[in-house]
Amino acid sequence: MSALRFAVKYFEELVAGVFMVLMSITTFANVLARYFFNSPIQWAEELARYSFIWVVFAGAVVCTKRKRHITIDILAQALPSRASAGIHVLADLCTLGIALVIGYYGWKLTAAATQITATLQIPHSVVYIVVPVSAVLVFVHTLGDFVRNCRAAVGRAE
-13 MSALRFAVKY FEELVAGVFM VLMSITTFAN VLARYFFNSP IQWAEELARY SFIWVVFAGA
47 VVCTKRKRHI TIDILAQALP SRASAGIHVL ADLCTLGIAL VIGYYGWKLT AAATQITATL
107 QIPHSVVYIV VPVSAVLVFV HTLGDFVRNC RAAVGRAE
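Taking this note's numbering, the leading residue of the sequence shown gets -13, the next gets one more, and so forth.
Laid out in structure tokens, this is it:
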């Protein structure tokens, strides 16, 4: 698999992984600086906090893509396959609605974020853009699941 194809296929995983590593290294370096030099790295806490925000939202996209969110599926497992697919259709509709709401308010938050961060001196909009972007990606992945589940509910599974 070419590097470009790999990057496109695993984009969400790469983003989450990069920010997880960045957060971990920054936090570890700050702990060492505090312990050995009794002087924290001024920007480390802010970078770790903003990296955590990116990890959470990118992780939500990865979980949606891989269908790894926590679910209570006792009813879906007890029903026949078409009825179970109908329940999944309802769950997909709820997820699509939530993604739309998060995307809308995330966009408003990003557009209103005109201040600059205290130590990193980057616009807050750079930090918050992950909210509407992740909502769009969750929507896209869920839309694919929704179509598959609708087909299964009417008996035309792939």
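Note that beta-carbon positions come from the ideal geometry of N, C-alpha and C, so glycine has one too.
- Per the coordinates, the alpha-carbon of I73 lies some 27 Å from the alpha-carbon of V117.
- In this structure the stretch 6 to 17 does not touch the stretch 72 to 88; the number of beta carbon pairs closer than 8 Å is below three.
- CA-to-CA, the gap between I115 and L123 works out to about 13 Å.
- Taken through DSSP and simplified to helix, strand or coil, I102 comes out as strand.
- Shown here, P118 sits in a helix according to DSSP, grouped into three states.
- A residue is called buried when at least 16 other Cβ atoms come within 10 angstroms of its Cβ; H55 does not meet this threshold and is exposed.
- The beta carbons of A85 and F43 sit no closer together than 8 Å.
- In the same chain as G92, and ignoring 5 residues on each side of it, the C-beta atoms closer than 6 Å to its own belong to V117, P118 and A121, in chain order.
- The C-alpha of L(-10) is placed about 30 Å away from the C-alpha of N135.
- Comparing alpha-carbon positions, the option among N16, W40, T128 and V41 lying closest to W29 turns out to be N16.
- The alpha-carbon of S70 is positioned some 19 Å away from that of T50.
- About 6 Å separates the beta carbon of V113 from that of I39, a gap short enough to meet the 8 Å contact definition.
- Along the length of the stretch 49 to 115, whole alpha helix (DSSP H) runs at least 4 residues long occupy 60 to 64, 67 to 98 and 110 to 114, reported in chain order.
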